[in-house]
Amino acid sequence: MAADKKVNPFDTARKQVEIAAKYLNLDAGTVEKLKHTKRELIVHFPVKLDNGQVKVFTGYRVQHNVARGPAKGGIRYHPDVDLDEVRALAMWMTWKSAVVNIPFGGAKGGVQCNPKEMSLHELEHLTRRFTWEIFIMLGPEQDIPAPDVYTNPQVMAWIMDTYSILKGYSVPGVVTGKPVELGGSLGRFEATGKDVVITAVEALKHLNRPIEGTRVAIQGCGNVGGTAAEQFHRLGARVIAISCSTNGIYNENGLDLKRVLGQKVEHGCFVPDPKEETEITNQQLLELDCDILVPAALENQITGENAPRVKARILVEGANGPTTPEADEVLEQKGVFVVPDILANAGGVTVSYFEWVQNLQELIWSEEEVSERLTRIMQRGFREVLDISLAKKIPMRTAALVLGIGRVAEATRLRGLYP
Ligand code: NAD
47 MAADKKVNPF DTARKQVEIA AKYLNLDAGT VEKLKHTKRE LIVHFPVKLD NGQVKVFTGY
107 RVQHNVARGP AKGGIRYHPD VDLDEVRALA MWMTWKSAVV NIPFGGAKGG VQCNPKEMSL
167 HELEHLTRRF TWEIFIMLGP EQDIPAPDVY TNPQVMAWIM DTYSILKGYS VPGVVTGKPV
227 ELGGSLGRFE ATGKDVVITA VEALKHLNRP IEGTRVAIQG CGNVGGTAAE QFHRLGARVI
287 AISCSTNGIY NENGLDLKRV LGQKVEHGCF VPDPKEETEI TNQQLLELDC DILVPAALEN
347 QITGENAPRV KARILVEGAN GPTTPEADEV LEQKGVFVVP DILANAGGVT VSYFEWVQNL
407 QELIWSEEEV SERLTRIMQR GFREVLDISL AKKIPMRTAA LVLGIGRVAE ATRLRGLYP
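Residues 47 to 465 (my numbering) are what the sequence shown spells out, left to right.
The structure is reproduced here in structure tokens:
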């Protein structure tokens, strides 16, 4: 991959606060506060593996800001998880909820592990013990996790069950992205990928381009990338390339998605049919001649090094932090229209909010209701960001930060400083 490991995502996130602060006339004290996380818990905990050996894992839960509501953010299982990554992701969650005007603060969590090498049994034990370790921070009024990279509804079910056992009663509202049978919201699983497509369609409208026939390349085929691919296809766009951590697959006329995604599930990687597709790397995917590029995997994929070779006209960030600040400058000079992560993937936290509301009120909304509300919120978010971008003549990322950080700063000002 093109990942530039030297770019620390927390440095990027803090730099972004400084950039937005200039347009908001924030005082130095407020900027300093927003650049810091509120609470950080690092835990080292033992898990008994299937071979009988005990392994110690390191996990994190970070709350960045709770000025506008309870902390909210996913839990990631990945070998590269570290404190600064989790801090950056927590900060982006704060701005994201504010951009779409949802009453949550920002948090994130993660465990350094390789879930691909662990059995289901080991993952369950790791999840339950990690939940116990960070229990002190969690709760429907305090901090509500959700799925992120390599965690899923089953992991959320284990968290909900462990938390409920420790409390002595069922607490569905402690996590979102749960299985529907346990109080998960209809439409939550697809929400982030759907949002990527809703905001991509808004970008196309703004640029007077049709969705039909639009050539899309997607890095990552998990929850976000896989769903986005299906949604683009449904609307008549041509998904010409998609990738996973191992390899990617390309057909300039559009992929047979059902077949290639089915084979990915079966084999764990893409198996190109030489008559139909070409095998490509993640690096090649990012540099393909396409209309829309959707990074939907990890941070730091589009860097100062490869940005000059990006040919897409529109970049829609399904992943969090896929573009480094250096790359941003290059993309701006090239005239690439960027739908930034804190807008493009805010659909996940939006439907998580719907799930939390349903849990607290013991309601069940239909899929249509969820989808209509999501579309309305995302279209409004896109319009508000675009209006700021046009009025202030600033890139879409800066405009989204100005909107999100501005709302958090105002909430902070109104609440005042204790004591
Ligand atoms: P996922 O675990 O469902 O899928 C991750 C995908 O990334 C997989 O297809 C995997 O093959 C791919 N991948 C992993 N390592 C890779 C590598 N080194 N190179 C290329 N691809 C690689 O995760 P997800 O939920 O789809 O999350 C993807 C991104 O979207 C993350 O940045 C996450 O923070 C962000 N995001 C997710 C949600 C959500 O609701 N799930 C919400 C907002 C943002």
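Every residue, glycine too, gets a C-beta built ideally from N, C-alpha and C.
Bounds of the alpha helix (DSSP H) holding Asn328 are 328 to 332. For the ligand NAD, residues qualifying as neighbours are Met47, Pro193, Asp194, Val195, Tyr196, Thr238, Gln265, Gly266, Cys267, Gly268, Asn269, Val270, Gly271, Ser289, Cys290, Ser291, Asn328, Ala342, Ala343, Leu344, Gly364, Ala365, Asn366, Asn391, Gly394, where qualification means a beta carbon closer than 6 angstroms to at least one of its heavy atoms (chain order). A straight-line Cα-Cα distance of about 11 angstroms links Ile244 and Val385.
Contact check for Asn198 and Thr238: beta-carbon distance about 13 angstroms, past the 8 angstroms limit, so the pair fails to qualify.
Around the beta carbon of His110, 16 or more other beta carbons lie within 10 angstroms, which makes this residue buried.
In the structure shown, Leu80 adopts helical secondary structure according to DSSP, grouped into three states.
By the neighbour-count definition (other C-beta atoms within 10 Å, threshold 16), Thr292 is an exposed residue. Excluding its 5 nearest sequence neighbours in each direction, Glu413 has C-beta neighbours in its own chain below 7 angstroms: Leu232, Gly233, listed in chain order. In this chain, the beta strand (DSSP E) harbouring Pro92 covers 85 to 94. The straight-line gap separating the alpha-carbon atoms of Arg359 and Ala246 is approximately 11 angstroms. Gln109: member of the beta strand (DSSP E) spanning 100 to 111, first to last residue.
The beta carbon of Val448 is closer than 8 angstroms to those of Ala66, Tyr69, Leu70, Ile434, Lys438, Ile440 in its chain, skipping five residues each way along the sequence. If you look at Val221, you'll find it isn't in any beta strand (DSSP E); DSSP assigns it neither H nor E. Annotation: the segment 250 to 329 contains the following complete segments of the alpha helix (DSSP H) (minimum length 4 residues), in chain order: 269 to 280, 303 to 313. Counting along the chain, Gly152 sits inside the beta strand (DSSP E) bounded by residues 151 to 158. About 6 angstroms separates the Cβ atoms of Ile348 and Pro368, confirming a contact at the 8 angstroms cut-off. Rounded to the nearest whole angstrom, the CA to CA distance from Gly450 to Gly156 is 24 angstroms. Closest in C-alpha terms to Met424, from the list Thr83, Tyr106, Val132, Asn147, comes Asn147. Contact between Ala457 and Arg114 holds, with the beta-carbon distance rounding to 5 angstroms and staying under 8 angstroms. Setting aside the 5 residues that flank it on each side, Ile286 is surrounded in the same chain by Arg261, Val262, Ala263, Tyr296, Asn297, Glu298, Asn299, Gly300, Leu301, Leu334, Cys336, each with a C-beta closer than 8 angstroms to its C-beta; the list follows chain order. Among the bridge pairs identified by DSSP, Leu460 is matched with none. Taken through DSSP and simplified to helix, strand or coil, Ile205 comes out as helix. In the same chain as Asp387, and ignoring 5 residues on each side of it, the C-beta atoms closer than 6 angstroms to its own belong to Glu363, Asn366, in chain order.
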